[in-house]
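*Asks:* A single structure is presented below for examination.
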Amino acid sequence: MTTTDQPAPRARTRSMVFIGIGALAVFLILLAIGVIPRVRNNRQLVVAADKVRNTPPQVYVIRPEPAAAAGLKQLVVILRCALLRASKDGPRAPSKSSFEAR
1016 MTTTDQPAPR ARTRSMVFIG IGALAVFLIL LAIGVIPRVR NNRQLVVAAD
1066 KVRNTPPQVY VIRPEPAAAA GLKQLVVILR CALLRASKDG PRAPSKSSFE
1116 AR
């Protein structure tokens, strides 16, 4: 008989079981490496969302002060000029209104 006529050696059942268990172990380790950080980040996000949900919004409050008479007149002039420039149809004559400076 020659070497080509001999059948190939059979793999042992025990060796195949160990290879399968090893592959499963590697898969589980890689799965844990991917899942653990996601769970940790999710917990942190839940805590941060609860903190934002339960914290009242911050609002800046200013105290109103009366405007100086000259400042109010300047503001009216500025607003009238802005209206003239913002008109789609070109310049228009300012209309008499209650906001007009006296």
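Quick note on numbering: the sequence shown equals residues 1016 to 1117 in the numbering used here. Positions of the beta carbon are idealized from the N, C-alpha and C atoms, including for glycine.
Would you tell me roughly how many angstroms separate the C-alpha atoms of L1045 and R1053, rounded to the nearest one?
*Replies:* Mapped onto the sequence shown, residue 1045 falls at position 30. Mapped onto the sequence shown, residue 1053 falls at position 38. Roughly 13 Å between the two C-alpha positions.
*Asks:* Please report the distance separating the alpha-carbon of D1065 from that of V1076.
*Replies:* Taking the first residue of the sequence shown as 1, we reach residue 1065 at position 50. Taking the first residue of the sequence shown as 1, we reach residue 1076 at position 61. Each residue's Cα considered, the two are about 26 Å apart.
*Asks:* What's the gap between the Cα of V1067 and the Cα of R1078?
*Replies:* The residue given as residue 1067 occupies position 52 in the sequence shown. The residue given as residue 1078 occupies position 63 in the sequence shown. Cα to Cα, the separation comes out at about 27 Å.
*Asks:* Would you report the Cα separation of I1051 and V1041, rounded to the nearest angstrom?
*Replies:* Start at 1 with the first residue of the sequence shown, and residue 1051 comes out as number 36. Start at 1 with the first residue of the sequence shown, and residue 1041 comes out as number 26. Near 16 Å, if we compare the C-alpha coordinates of V1041 and I1051.
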